[in-house]
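Asks: Okay, handing you the structure first.
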Amino acid sequence: MALEGSLRDFDLFSLFNMIKIQGKNGTLVLSQGQEFVKVFFENGEIVGCDSNQIRMEDRLGTMLVRLGRLTGEELLAMVQIQRQTLKRMGTLLMESGKVASSDLQDALFNQATAILHRTFRWVEGDYRFDSMLPPDLDRDHFVPIPVDTVLMEAARIQDEWPEVERRLPGMDTALARSPRAQSLHLDIDRDVSLLLDGKGGQITQGSSGLSHEQEVVLSYFGHPQSVNEIVQISRYEELDTCKAVADLIEAGLLEPVSGDTPKVVRPWVVDGQRELAPPEWESSRLLWPLVALCFLAPLALYVPHHRGSMNMGLASLQPVDVRVVPEGPTRLRQAWALRMAAPQDGGLALATNLGRPLDGPNPVPDFSKQPDPMSVPRQSAPEPVLPPKKN
11 MALEGSLRDF
21 DLFSLFNMIK
31 IQGKNGTLVL
41 SQGQEFVKVF
51 FENGEIVGCD
61 SNQIRMEDRL
71 GTMLVRLGRL
81 TGEELLAMVQ
91 IQRQTLKRMG
101 TLLMESGKVA
111 SSDLQDALFN
121 QATAILHRTF
131 RWVEGDYRFD
141 SMLPPDLDRD
151 HFVPIPVDTV
161 LMEAARIQDE
171 WPEVERRLPG
181 MDTALARSPR
191 AQSLHLDIDR
201 DVSLLLDGKG
211 GQITQGSSGL
221 SHEQEVVLSY
231 FGHPQSVNEI
241 VQISRYEELD
251 TCKAVADLIE
261 AGLLEPVSGD
271 TPKVVRPWVV
281 DGQRELAPPE
291 WESSRLLWPL
301 VALCFLAPLA
311 LYVPHHRGSM
321 NMGLASLQPV
331 DVRVVPEGPT
341 RLRQAWALRM
351 AAPQDGGLAL
361 ATNLGRPLDG
371 PNPVPDFSKQ
381 PDPMSVPRQS
391 APEPVLPPKK
401 N
């Protein structure tokens, strides 16, 4: 039996806590508008996560392209191989030697927590829990995540997110490097290998006056991009990425771009919204002529033009003289109704006016010409019997 309802009635914290306490196995589907998230549980622990908005494989591939570990053409070819072989992108990347097993585990963990923390900011939506798990879960590289770890971090993010959101101009506002940022020499440019540090290590100040995390986020803005686009390719959590963007804006290193900016095209990234949206359908120019032909062809070819046709259904479309002959009891009732409506002629004229002429005289007799059965004929009084005269 599936468990489903609204997040307004049962919030995510209570829902995840209930699944953990009961040690449930199954799939939790969360939806809000066109966005949905799937969380997979086994014995009350998170063993997988997926979203139509943030795909780990796309984010990992984009990061490898940006770091120069993989070219866009190589990743695009790998995407084509994935569609043909149905293998996971992480498996293909490992087979190609581009990433190690530990790197893939870290990427899966970071991606799952990013999806969950973003979902915990939902204030409305629907949920459904089914006690079924997909058979293709990546159990080799996805380390189970305790629910308590997710809940504690989600609570911290919920406390800090309103302040960070207030400092940002908007998640969809395009930002670009300011002239000061373009002339700034970043420490990470001298050692690209620092970008491969997934956790970032201890934050230190370099000659640029920025932390390592801020320099990494600033390096993403090679072209004008929105905060949402940066979050998709950032190696850090969404909250930490947005904090770094807000710090860079306040430091005058990032500034909003006025007007339309060209969107950065990544052909290897599949847009989750496009996957959900049905393809636009345009009718052919031959559609309506074919519809008219299909409608007129039976009429032109099969409708009979004489009344003796054997096709009774189509012959009914032709004008014919039809006289409905009712059954016996019905004819008798009609005769009585006509006689009562017009006793003089038995309703013959009325039946003709109604289009139901009678075959002959009304079989119901005119009772007005019959003797009244209630009247008693008068009888002459008997003559009185006289007594005999006495002599």
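With positions in the sequence shown counted from 1, the corresponding number in the numbering used here is that position plus 10. Backbone N, C-alpha and C fix where the C-beta goes; we use that ideal spot for every residue, glycine too. Values in this document were obtained by computation on a predicted structure and should not be read as measured data.
Assuming the contact rule is C-beta atoms closer than 8 Å, Val8 and Leu258 should be a hit. Round their C-beta distance to whole Å, please.
Replies: Since the first residue of the chain shown is 11 and the last is 401, residue 8 is not available in this structure.
Asks: May I have the straight-line CA-CA distance separating Gln235 from Gln224, to the nearest angstrom?
Replies: In the sequence shown, the residue the question calls residue 235 occupies position 225. In the sequence shown, the residue the question calls residue 224 occupies position 214. Between Gln235 and Gln224, the C-alpha separation is close to 16 Å.
Asks: Below 6 Å CB to CB, which residues in the same chain sit around Leu22 once its five sequence neighbours on both sides are set aside?
Replies: Translated into the one-based positions of the sequence shown, residue 22 becomes position 12. Closer than 6 Å at Cβ, skipping near neighbours: Phe130.
Asks: Give me the Cβ distance between Gly54 and Gln32, rounded to the nearest whole Å; I'm assuming they're in contact under 8 Å.
Replies: On the sequence shown, residue 54 is found 44 positions in, with the first residue counted as 1. On the sequence shown, residue 32 is found 22 positions in, with the first residue counted as 1. Contact flag correct, Cβ pair sits at about 7 Å.
Asks: Comparing alpha-carbon positions, which option in His151, Met142 and Asp140 lies nearest Thr101?
Replies: As a position in the sequence shown, residue 101 is number 91, starting the count at 1. Ranking His151, Met142 and Asp140 by Cα distance to Thr101 puts His151 first.
Asks: Does the Cβ-Cβ distance between Arg128 and Glu248 come in under 8 Å?
Replies: Along the sequence shown, one-based indexing puts residue 128 at 118. Along the sequence shown, one-based indexing puts residue 248 at 238. Contact: yes.
Asks: Rounded to the nearest angstrom, what separates Leu181 and Asp136 at their Cα positions?
Replies: Within the sequence shown, the letter at position 171 stands for residue 181. Within the sequence shown, the letter at position 126 stands for residue 136. Here residue 181 turns out to be Met, not Leu, going by the sequence shown. Roughly 24 Å between the two C-alpha positions.
Asks: Thr183 by DSSP, collapsed to three states: which one?
Replies: In the sequence shown, counting from the first residue as 1, residue 183 sits at position 173. Reduced to three states, the DSSP call for Thr183 is coil.
Asks: Among Thr95, Asp148, Glu83 and Leu96, which one has its Cα closest to the Cα of Gln115?
Replies: Translated into the one-based positions of the sequence shown, residue 115 becomes position 105. Checking every option, the nearest Cα to that of Gln115 belongs to Asp148.
Asks: Whether or not the region 27-41 and the region 82-100 are in contact is what I'm after, with contact meaning three or more pairs of Cβ atoms, one per stretch, closer than 8 Å; do they touch?
Replies: Contact fails: fewer than three Cβ-Cβ distances are below 8 Å.
Asks: Measure from the alpha carbon of Ala261 to the alpha carbon of each residue in Val267, Ser268 and Lys253, then state which is nearest.
Replies: By one-based count along the sequence shown, residue 261 stands at place 251. The candidate whose alpha carbon is nearest that of Ala261 is Lys253.
Asks: Excluding sequence positions up to five away, which residues of its chain have a Cβ less than 7 Å from the Cβ of Glu45?
Replies: What you label residue 45 is simply residue 35 of the sequence shown in a count that begins at 1. The answer, listed in chain order, is Asn62 and Gln63.
Asks: What are the start and end residues of each continuous beta strand (DSSP E) run of 3 or more residues lying completely inside the region 129-202, in chain order?
Replies: If we require 3 residues or more, the beta strand (DSSP E) runs fully inside the region 129-202 come out as 136-140 and 184-187.
Asks: For Glu45, report the span of its beta strand (DSSP E) as first-last.
Replies: Counting from 1 along the sequence shown, the entry for residue 45 is found at position 35. From DSSP, the beta strand (DSSP E) with Glu45 extends over Glu45 to Glu52.
Asks: Given that a residue counts as buried once 16 or more other Cβ atoms are within 10 Å of its Cβ, and exposed if not, what is Asn120?
Replies: The residue given as residue 120 occupies position 110 in the sequence shown. Looking at its Cβ environment, which holds 16 or more other Cβ atoms inside 10 Å, Asn120 is buried.
Asks: Can you give me the Cβ contacts of Gly282 inside the same chain, cut-off strictly under 6 Å, excluding the 5 residues immediately before and after it?
Replies: The count along the sequence shown starts at 1 and reaches residue 282 at position 272. Because the pLDDT of Gly282 is 43, which lies under 50, any placement of that residue in the model is unreliable, and the number read from its coordinates should be weighed accordingly. Excluding residues within five positions, the ones whose Cβ falls inside 6 Å are Asn62 and Gln63.
Asks: Quick one: Cα of Ser378 to Cα of Arg349, how far?
Replies: Looking up residue 378 in the sequence shown gives position 368. Looking up residue 349 in the sequence shown gives position 339. If I take the Cα positions, the gap works out to 11 Å.
Asks: What is the rounded straight-line gap between the Cα of Ser111 and the Cα of Val153?
Replies: Residue numbering aside, residue 111 sits at position 101 when the sequence shown is read from its first letter. Residue numbering aside, residue 153 sits at position 143 when the sequence shown is read from its first letter. Near 12 Å, if we compare the C-alpha coordinates of Val153 and Ser111.
Asks: Start and end of the alpha helix (DSSP H) containing Asp250?
Replies: Walking along the sequence shown from the start, residue 250 turns up at place 240. Residues Glu248 to Glu260.
Asks: Report back the beta-carbon spacing between Ile243 and Ile155 to the nearest angstrom; my notes put them in contact at under 8 Å.
Replies: In the sequence shown, the residue the question calls residue 243 occupies position 233. In the sequence shown, the residue the question calls residue 155 occupies position 145. Wrong, their Cβ atoms sit about 23 Å apart, outside the cutoff.
Asks: Is the beta carbon of Val174 closer than 8 Å to that of Ala256?
Replies: Position 246 of the sequence shown, counted from the first residue, corresponds to residue 256. Position 164 of the sequence shown, counted from the first residue, corresponds to residue 174. Their beta carbons are under 8 Å apart, which means Ala256 touches Val174 by this criterion.
Asks: With distances taken from CA atoms, which of Trp132, Met142 and Pro266 is nearest Pro172?
Replies: The residue labelled residue 172 in the question sits at position 162 within the sequence shown. Nearest of Trp132, Met142 and Pro266 to Pro172, Cα basis: Trp132.
Asks: Expressed to the nearest angstrom, what Euclidean distance is found between the alpha-carbon atoms of Pro299 and Ala307?
Replies: As a working note, residue 299 is residue 289 in the sequence shown. As a working note, residue 307 is residue 297 in the sequence shown. Pro299 and Ala307: Cα-Cα distance of roughly 12 Å.
Asks: Relative to the C-alpha of Arg366, which candidate in Pro373, Gly357 and Val374 has its C-alpha closest?
Replies: Taking the sequence shown and counting its residues from 1, the one referred to as residue 366 is at position 356. That would be Gly357, whose Cα lies nearest to the Cα of Arg366.
Asks: Can the beta-carbon of Leu17 be found less than 8 Å from the beta-carbon of Glu134?
Replies: On the sequence shown, position 7 is the one that residue 17 refers to. On the sequence shown, position 124 is the one that residue 134 refers to. Yes, the pair counts as a contact, with Cβ atoms nearer than the cut-off.
Asks: Counting only the same chain and skipping the five closest in sequence on each side, list residues whose C-beta sits under 6 Å from that of Val160.
Replies: If you number the sequence shown from 1, residue 160 lands on position 150. For Val160, where only same-chain residues beyond five positions count, the Cβ hits under 6 Å are Leu126.
Asks: What are the start and end residues of the beta strand (DSSP E) that includes Val39?
Replies: The sequence position of residue 39 within the sequence shown is 29, counting from 1. Val39 -> beta strand (DSSP E) spans Gly36 to Gln42.
Asks: The alpha helix (DSSP H) with Ser16 in it runs from where to where?
Replies: Taking the first residue of the sequence shown as position 1, residue 16 is located at position 6. Premise fails: Ser16 lies in the beta strand (DSSP E), Leu13 to Ser16, not in any alpha helix (DSSP H).
Asks: For Ala302, count neighbouring C-beta atoms within 10 Å of its own C-beta (all shown protein chains included) and say buried if the count is 16 or more, exposed if not.
Replies: Here residue 302 is taken as the residue at index 292 of the sequence shown, counted from 1. Result: exposed.
Asks: Any idea what DSSP makes of Asp116, helix, strand or coil?
Replies: Along the sequence shown, one-based indexing puts residue 116 at 106. Looking at Asp116 - three-state DSSP - the assignment turns out to be helix.
Asks: Given a threshold of 16 other Cβ atoms within 10 Å of its Cβ, counted over all protein chains shown, does Arg245 qualify as buried or as exposed?
Replies: Here residue 245 is taken as the residue at index 235 of the sequence shown, counted from 1. The residue in question, Arg245, is buried, as its Cβ has 16 or more Cβ neighbours within 10 Å.
Asks: Using 8 Å as the threshold, is the C-beta distance between Asn35 and Leu178 below it?
Replies: Along the sequence shown, one-based indexing puts residue 35 at 25. Along the sequence shown, one-based indexing puts residue 178 at 168. No, Cβ-Cβ distance for Asn35 and Leu178 is not below 8 Å.
Asks: Following the continuous alpha helix (DSSP H) through Pro398, name the residue where it begins and the one where it ends.
Replies: Locating residue 398 in the sequence shown gives position 388, counting from the first residue. Neither: Pro398 is in no alpha helix (DSSP H) and is coded neither H nor E.
Asks: Using a Cβ-Cβ cut-off of 6 Å (strictly less than) and excluding sequence neighbours within five positions of Val374, which residues of its own chain qualify?
Replies: By 1-based counting over the sequence shown, the position of residue 374 is 364. Excluding positions up to five away in sequence, the list reads Ala345, Trp346 and Arg349.
Asks: Residues bridged to Asp60 by DSSP?
Replies: Here the question's residue 60 lines up with position 50 in the sequence shown. Note: Asp60 sits in a beta bridge opposite Lys48.
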